[in-house]
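Residue numbers (the working numbering): 3 to 934. Cβ atoms here follow ideal geometry from the backbone N, Cα and C, with glycine treated the same way.
As structure tokens, this is what we get:
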């Protein structure tokens, strides 16, 4: 049965009852849902409530909502989030047209919309901006479990009453409210999740309890969820491909010139314990039919304990015994051999133990909202909120290296690159007593604290006119502060593989990587990294992290005013609705940092690894401000009852990320032929864009629709990150020969065990001279990019219970990467995507098969290491799910994620330059869901 009711004739309590019916229907209607981008239209637009349960009714409701919308938006409803095999919101959002995701540990973390990456998409929770543990602005969705989310809307076109910041989109995630439900409600689920690589099964559970009291004038809702995962991630990778190198050795001289050589090659097994706990509490009070007061709070705790076990190889161009060079100039096969080097030292098979993948994120927030129907024509909403996020990993994340001096050969001629180490293979290992101590550090990770406070007042006035319908207006004040810091220490007392490793003290032992890449070495040595640190302390060489002099604090204040007018009239028999308005914003930024600049580079016992020395720290401060006017126009024309044409024209902006505005410079670990640093630019201006959208929708039956949309975005003041040379004076070095100033730098000190008489300092350009040239990565404004694209979508349902939803997004730009090695600008994240969902619904049984495909895209124009680009290759993932309703209260379900175990591959500038291959395996779940 279908009812049409105009909610503008209802009081708040009646509206809540109606909304409860709609939400209850949504909980049994797992399909994508579009909602009006004009969030103030909820109370005056006709609402169609479909009480029939199931997928088909959900499709009808989704199409009804999309048909009523004025601006361009898409969304997904709560039951869809729960029914899909998704751990978090990002994985569900990827089913929507134009949405792609980046993954971490096999689960969705950040969102790209219409080719614009995470920093271009503003994320709101219940209309509020939420603090993030990301060092920039991107929101990490993996801190949110899907269980507590009732919906998520993606606003692709601009309207004046939406917060700015999203050139790609604005994403609003909604959580449950007690007035959304009729009286007492309790829902919960429990399931076990099996991981194919770790072969472990972990528990996940959630529950939600809601009730209303005192004749529905007071309501309370409590929701809690807990998820655990025992994850194994297999990965092979390099830090980057180095261009323009000369391959040589001491016996044969030069072998080849102008060659690409990988910096290193790692075979990584990352074993993680992931724990996610979310809780929210909401209280609502309606003292009268005209006022609703909502007080809510949430907390989210996401912990990742990571243990990396890695067989690593380090490549130097001056110890290459033989090499095969491809047509692109890539060294696709080469050897690293003992006693061939000309200053870099002998190669070693390294065994790395690392916990740098650690995360310890806590998100907290609270808000107070007052919804007041002042008069029949005027309504007001007042909202104040605060949230903070903290990634408490300062001084954590160790990195340890033990190695064996050894020969090895890189072979990239096959599908999967491999390194063949002498003495390894078929489960065999070199003599355990050959292990030698090398490098250690602790805290080479960035910690952050973020806080956001917002004050909002929104008003809607309904006009007594057939043409002029209403005006929305309001004000926003947003205050944000982000603090980013690092607590770090390194220890190189035993670098250079000159000291035998204590086998028992470090618990050195064989390690076998289960379910590793076929054909690669899967057995090598590992040890207890914490015991390694204890051993160093016992030898008088402790690793004690201290706060580094490169931390920064960003304060950003935004004040916004907006007004938006809505009109409607008929052109012949075709109803036309439009709104136009503008948003004015002022942004003030204050930055501060503590900075210590490099004063010397000195040797260690490893001929390829040096140590930094710094001058005294100094304070850096700066301010900037800017203002913007963002107009918008949205038009909807009903050509006929089942056909709609929409047009939107609007301006938008995206502010620089917080990390891009840092005035601090971070100096990396100095290496032979590789001095690097990175820094920000506090004077950056925001990206600004002129946009338009044009779409057509054909609702050719009650439960089927075809839609097509084209869009264009012209972005100015594009921020690009480039690497370039910067010269730093070595103020610790004395005039004359300007040798480095450490004791080991003195003439006559022997640093090369193979050639004790060689003057290493004089022969190594990084260790002498009045100054050193660093390759420094910094952001800057100045480029313009145009992005054009189209979206096409089809939903069709047959009478036999089968149905299909398919969509595709195609994007193009005049700023795509090319083979030109001098190219300084290209749009990162730009790529086509497709979705296909096949479903079946019959009586109590439902099943889905979902395919999500993201075609290749530029991941980074400058990888931050060698100035070379990194491209993510096409990745397609199949997910399946099925459920059976035992009765009206209990449902059993099964889920499968990445059931074909696809691998994610990244390459460098040319296709034979593999950057990384990552295997996250598949995961399967069985569970039961109940509602009462």
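- Ranked by Cα distance from residue 725, the options 778, 637 and 313 are led by 778.
- Distances from the CA of residue 526 to each of 927, 76 and 518 were compared; the closest alpha carbon is that of 518.
- Boundaries for residue 753: no alpha helix (DSSP H) harbours it, and the DSSP string shows neither H nor E there.
- For residue 289, the secondary structure class from DSSP, reduced to helix, strand or coil, is strand.
- If you check the CB distance, residue 650 and residue 636 come in under 8 Å.
- Excluding five sequence positions before and after residue 867, the CB atoms of its chain that fall closer than 6 Å to its own CB belong to 241 and 242, given in chain order.
- Judged by DSSP in its simplified three-state form, residue 134 adopts coil rather than helix or strand.
- Taking the Cβ atoms as the reference, residue 333 lies roughly 5 Å from residue 263, within the contact range of under 8 Å.
- Taken through DSSP and simplified to helix, strand or coil, residue 541 comes out as coil.
- For residue 62, the secondary structure class from DSSP, reduced to helix, strand or coil, is helix.
- About 17 Å separates the Cβ atoms of residue 647 and residue 569, ruling out a contact at the 8 Å cut-off.
- Leaving aside the five residues that flank residue 382 on each side, the residues in its chain whose CB is nearer than 6 Å to its CB run, in chain order, 374, 376 and 461.
- Remark: C-beta atoms of residue 359 and residue 489 do not approach each other more closely than 8 Å.
- Residue ranges of uninterrupted beta strand (DSSP E) with 3 or more members, entirely inside the region 898-932 and ordered along the chain, are 905-909 and 916-921.
- The DSSP-derived three-state label of residue 404 is strand.
- Distance from the Cα of residue 522 is smallest, within the candidate group 271, 503, 658 and 764, for 271.
- Residue 850 and residue 655 have their C-alpha atoms some 38 Å from each other.
- Counting of Cβ neighbours within 10 angstroms places residue 760 among the exposed residues, the total staying below 16.
- If you check the CB distance, residue 516 and residue 529 do not come in under 8 Å.
- Residue 148 sits close to residue 94, with the two beta carbons spaced by under 8 Å.
- Judged by beta-carbon spacing, residue 69 lies beyond the 8 Å limit of residue 116, meaning their Cβ atoms are not closer than that value.
- In this structure, DSSP gives residue 376 a state outside helix and strand, which the three-state scheme calls coil.
- Put simply, of 218, 209 and 743 the residue whose alpha carbon is nearest the alpha carbon of residue 288 is 218.
- With 16 or more other Cβ atoms inside 10 Å of its own Cβ, residue 832 counts as buried.
- The three-state secondary structure of residue 91, taken from DSSP, is helix.
- With a cut-off of 8 Å on Cβ pairs, the region 792-805 is in contact with the region 711-722, counting three or more such pairs.
- When only Cα atoms are considered, residue 676 and residue 120 end up about 30 Å apart.
- In the structure shown, residue 536 falls within a helical segment according to DSSP collapsed to helix, strand and coil.
- Annotated as distal: residue 613 and residue 596, with beta-carbon spacing of 8 Å or more.
- Bounds of the alpha helix (DSSP H) holding residue 507 are 505-508.
- For the set 107, 118 and 112, the Cα lying nearest the Cα of residue 717 is the one of 118.
- Cβ neighbours of residue 924 within its own chain (closer than 7 Å, five residues either side excluded): 198, 898, 899, 900, 901 and 903.
- Beyond the five residues adjoining it in sequence on each side, residue 439 comes within less than 7 Å, by CB distance, of 404, 496, 501 and 503 in the same chain, given in chain order.
- Taking all protein chains shown into account, residue 642 has fewer than 16 neighbouring C-beta atoms within 10 Å of its C-beta and is therefore exposed.
- DSSP places residue 722 in the strand class (E or B) of the three-state scheme.
- With a cutoff of 8 Å on beta-carbon distance, residue 884 and residue 837 are scored as not near each other.
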